[in-house]
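Novice: Going down the list, the protein sequences come from chains A and B.
Letter by letter, the first sequence follows residues 2 to 267 of the numbering used here.
Letter by letter, the second sequence follows residues 303 to 456 of the numbering used here.
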Amino acid sequence: MGRSAETTENAPPTEQTVGCYIYGVVPAEVDVDAETQGVGDPPAQVRPVRHGKIAALVSDIDVARPLGTPQDLLAHQQLLDAAAAEVPVLPIRFGAVLATPDAVVEEFLSPYHDDFLAALVELEGSAQYVIKGRYVEEVVLAEILEENPEAASLREEIRDMPEDAARNHRIRLGEIINESITAQREADTATLLENVEPVIVMSADRPPSHELDAVHLALLVEISRERDLEQAVEEFARHRTDRIKLRLLGPMAPYDFIVSQEQGAG
Amino acid sequence: MTVQPVGGGVSNRPSGTSLADVIDTILDKGIVIDAYASVSLIGIELLSVDARIVVASVDTYLRFAEATDRLDLAKSRKPGLPEVVETVTQTRGAETTAEAERLEAGGARGSLEAAGERLRGFAGDFGEREDERESERVEVREHVRPRKAGQEEG
Numbered sequence: 002m003g004r005s006a007e008t009t010e011n012a013p014p015t016e017q018t019v020g021c022y023i024y025g026v027v028p029a030e031v032d033v034d035a036e037t038q039g040v041g042d043p044p045a046q047v048r049p050v051r052h053g054k055i056a057a058l059v060s061d062i063d064v065a066r067p068l069g070t071p072q073d074l075l076a077h078q079q080l081l082d083a084a085a086a087e088v089p090v091l092p093i094r095f096g097a098v099l100a101t102p103d104a105v106v107e108e109f110l111s112p113y114h115d116d117f118l119a120a121l122v123e124l125e126g127s128a129q130y131v132i133k134g135r136y137v138e139e140v141v142l143a144e145i146l147e148e149n150p151e152a153a154s155l156r157e158e159i160r161d162m163p164e165d166a167a168r169n170h171r172i173r174l175g176e177i178i179n180e181s182i183t184a185q186r187e188a189d190t191a192t193l194l195e196n197v198e199p200v201i202v203m204s205a206d207r208p209p210s211h212e213l214d215a216v217h218l219a220l221l222v223e224i225s226r227e228r229d230l231e232q233a234v235e236e237f238a239r240h241r242t243d244r245i246k247l248r249l250l251g252p253m254a255p256y257d258f259i260v261s262q263e264q265g266a267g
Numbered sequence: 303m304t305v306q307p308v309g310g311g312v313s314n315r316p317s318g319t320s321l322a323d324v325i326d327t328i329l330d331k332g333i334v335i336d337a338y339a340s341v342s343l344i345g346i347e348l349l350s351v352d353a354r355i356v357v358a359s360v361d362t363y364l365r366f367a368e369a370t371d372r373l374d375l376a377k378s379r380k381p382g383l384p385e386v387v388e389t390v391t392q393t394r395g396a397e398t399t400a401e402a403e404r405l406e407a408g409g410a411r412g413s414l415e416a417a418g419e420r421l422r423g424f425a426g427d428f429g430e431r432e433d434e435r436e437s438e439r440v441e442v443r444e445h446v447r448p449r450k451a452g453q454e455e456g
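1. Give the residues of chain B in contact with Gln-17(A), contact being defined as C-beta atoms less than 9 Å apart.
2. How big is the Cα-Cα spacing for Val-268(A) and Asp-115(A)?
3. By DSSP, does Tyr-113(A) sit in helix, in strand, or in coil?
4. For a quick check, are the C-beta atoms of Val-197(A) and Ala-233(A) less than 8 Å apart?
5. Which complete alpha helix (DSSP H) runs does the stretch 166 to 245 of chain A hold, if anything under 4 residues is left out?
6. Taking the alpha-carbon positions, what's the Leu-250(A) to Met-162(A) distance?
7. List the DSSP bridge partners of Ser-60(A).
8. Find the residues of chain B that neighbour Val-257(A), judging by a C-beta separation of less than 7 Å, and give them in chain order.
9. Using only the alpha-carbon positions, how far apart do Glu-212(A) and Pro-71(A) sit?
10. Can you find a heavy atom of the ligand ZN that lies under 7 Å from the Cβ of His-114(A)?
11. CB-CB under 6 Å to Ala-12(A), same chain, minus the five flanking residues each way: which ones, in chain order?
12. Inspect the beta-carbon positions of Ser-127(A) and Ile-259(A) and report whether they are closer than 8 Å.
13. Counting along the chain, where does the beta strand (DSSP E) carrying Ser-127(A) start and finish?
14. Does DSSP put Val-98(A) in a helix, in a strand, or in coil?
15. For His-77(A) and chain B, any beta-carbon pair shorter than 8 Å?
16. Kindly indicate which three-state DSSP category Pro-255(A) falls into: helix, strand or coil?
17. Go to Arg-66(A), then tell me how far its alpha helix (DSSP H) extends in each direction, as first and last residue.
18. With DSSP run on the structure shown, which of helix, strand or coil describes Pro-92(A)?
19. So, does the CB of Ser-210(A) fall closer than 8 Å to a CB anywhere in chain B?
20. Name the chain B residues whose beta carbon is nearer than 8 Å to that of Ala-104(A)?
21. For Gly-69(A) versus Ala-254(A), is the C-beta distance shorter than 8 Å?
22. Quick check on DSSP: helix, strand or coil for Ile-159(A)?
23. How is Pro-150(A) classed by DSSP in three states: helix, strand or coil?
24. For Asn-179(A), go through chain B and note every residue whose CB falls closer than 7 Å to its CB, in chain order.
25. If you draw a straight line from the alpha carbon of Leu-364(B) to that of Leu-373(B), how long is it in whole angstroms?
26. Could you check whether the Cβ of Leu-250(A) sits closer than 8 Å to any Cβ belonging to chain B?
27. Could you check the C-alpha separation between Ser-154(A) and Glu-148(A) for me, to the nearest Å?
28. Within 10 angstroms of the Cβ of Val-122(A), are there 16 or more other Cβ atoms? Answer buried if so, exposed if not.
29. Could you check whether the Cβ of Pro-92(A) sits closer than 8 Å to any Cβ belonging to chain B?
30. In chain order, what residues of the same chain lie with their CB nearer than 6 Å to the CB of Leu-220(A), ignoring the 5 residues before and after it?
31. Can you list, in chain order, the residues of its chain with a C-beta nearer than 7 Å to that of Ser-210(A)? Leave out the 5 residues immediately preceding and following it.
32. Is the stretch 321 to 331 of chain B close to the stretch 105 to 119 of chain A, with three or more CB pairs under 8 Å?
33. Tell me where the alpha helix (DSSP H) around Val-50(A) begins and ends.
34. Leaving out five residues on either side along the sequence, give the residues of the same chain with a beta carbon under 7 Å from the beta carbon of Tyr-136(A).
Spelled out as structure tokens, the structure:
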């Protein structure tokens, strides 16, 4: 695709073949390396479209090609995360395509220039980090069976029953386990938040993405305090190495802290 | 690029941004362009991917029950918990990972059953990591992006 920057101002929108994919908003002074690649196959070159003190990161996109392959998703996030490590960035939800770069300026950057600029100023120096923790299943299950007599006896009963007859027992056993894990998740999340509270700007709870999730938190943190954050997370993890596999992701764009104007309900 | 595993007590697993990480980050978060610029918004076919967990479903319960059955508590009950823990964590790595289904532009959808988990139509050639075995349930669907604001996609 490369530099097929033909705009189709005179053609009706339905015949348009090239659109303008938008990744996010950054301060106008941000430069983009010529080799920076974005969404598309082959990946298109990313460039800034500037207006006033802000700029949108965009690339040409073939509008006939369905969007959303794993490569597309990764390209979108990697571009934004790379930017977020250096400069404040307002991430745009995956899949936004406008007709032309002019439309980006006229409909997006110009009308909301001041709002976006204010948000960028507020984000200066900060980035998002995500903490994902997953319980080690066998360890947690063994604990639950150890501590919950009903669960333990259900397990024994199930072993001696024919497969079909044991269904209700299994459901009940699973329910007990699920309740117990939910309670542990709440407790562990609260503890972790206490640990990181002193080093973060704000936090956003994420719903569990898996039934064995121990914690799932998005944090806005000053990048200069990354080491402090790591230490706080490490402190939490140290006492739980056998039970929780913990990952700290970031710095990334502040996806969990950007609220669009009509997005409040979502 | 973006993943920085914390040293020491945190995790010695390989690090990396996986599709699962991306999905629950960029698909339903960030500025919604429709809310700002709608006139020139282009309707583009979107293979979007949802990761959701059905918490507290019967499937979940049955899976947990099965997992307890796999636990070899009987042998090591007497010695107590720590030893149990040790043996189970060692066998952990032996599970086979799901062959990730290649998602082509046309949209390979459908179910695949693997390692006791449902992974729905998903994902190809990008570093599936060790820890993504227990991946989120992922569902791919297609839709066309609405041209105007206010028409929320499914």
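The beta-carbon is built from N, C-alpha and C at its ideal position, and this holds for glycine as well.
Specialist: Once the coordinates are examined:
1. Chain B residues near Gln-17(A): Ile-344.
2. This structure does not reach residue 268(A), given that chain A is present from 2 up to 267, and the question cannot be answered.
3. The answer is coil: DSSP assigns Tyr-113(A) none of H, G, I, E or B.
4. Yes, these two residues count as a Cβ contact at 8 Å.
5. Here the runs fully enclosed are 168 to 197, 227 to 239.
6. Pairing Leu-250(A) with Met-162(A), the inter-Cα distance amounts to about 45 Å.
7. Beta bridge pairing from DSSP links Ser-60(A) with Tyr-22(A).
8. It should be noted that the sequence gives Asp, not Val, for residue 257(A). Counting only Cβ-Cβ distances below 7 Å, Asp-257(A) has contacts in chain B at Lys-331, in chain order.
9. Going by C-alpha positions, Glu-212(A) is about 24 Å away from Pro-71(A).
10. You won't find the ligand ZN in this model; it holds no ligand whatsoever.
11. In this prediction, Ala-12(A) scores a pLDDT of 47, lower than 50, which makes its location untrustworthy; the coordinate-derived value is nonetheless stated afterwards. So the list is empty, once near-sequence residues are dropped.
12. No; because the gap between Cβ atoms is not below 8 Å, this pair is not in contact.
13. Its beta strand (DSSP E) spans residues 127 to 136.
14. It is a strand residue.
15. Interface residue, yes.
16. Coil.
17. Here Arg-66(A) belongs to no alpha helix (DSSP H), and DSSP marks it neither H nor E.
18. In the structure shown, Pro-92(A) sits in a strand (DSSP, three-state: E or B).
19. Cβ-Cβ to chain B under 8 Å: yes for Ser-210(A).
20. Here the neighbours are Ala-339, Val-341, Ser-342.
21. Contact flag unset, no.
22. Assignment of Ile-159(A) by DSSP, reduced to helix, strand and coil, places it in the helix class.
23. Helix, per DSSP.
24. Ala-358, Thr-362, Tyr-363, Phe-366, listed in chain order.
25. As the crow flies, the alpha-carbon of Leu-364(B) is around 14 Å from that of Leu-373(B).
26. Yes, Leu-250(A) counts as interfacial toward chain B.
27. Going from the Cα of Ser-154(A) to the Cα of Glu-148(A) covers about 11 Å.
28. Exposed: under 16 other Cβ atoms inside 10 Å.
29. Closer than 8 Å: yes.
30. Closer than 6 Å at Cβ, skipping near neighbours: Tyr-130, Ile-201, Ser-204.
31. When the five nearest sequence neighbours on each side are left out, the beta carbons in the same chain lying within less than 7 Å of the beta carbon of Ser-210(A) are those of His-217, in order along the chain.
32. Flag = no, the stretch 321 to 331 of chain B and the stretch 105 to 119 of chain A do not touch.
33. No alpha helix (DSSP H) holds Val-50(A); the beta strand (DSSP E) holding it covers 48 to 52.
34. Closer than 7 Å at Cβ, skipping near neighbours: Ile-182, Leu-213, Ala-215, Arg-244, Ile-245.
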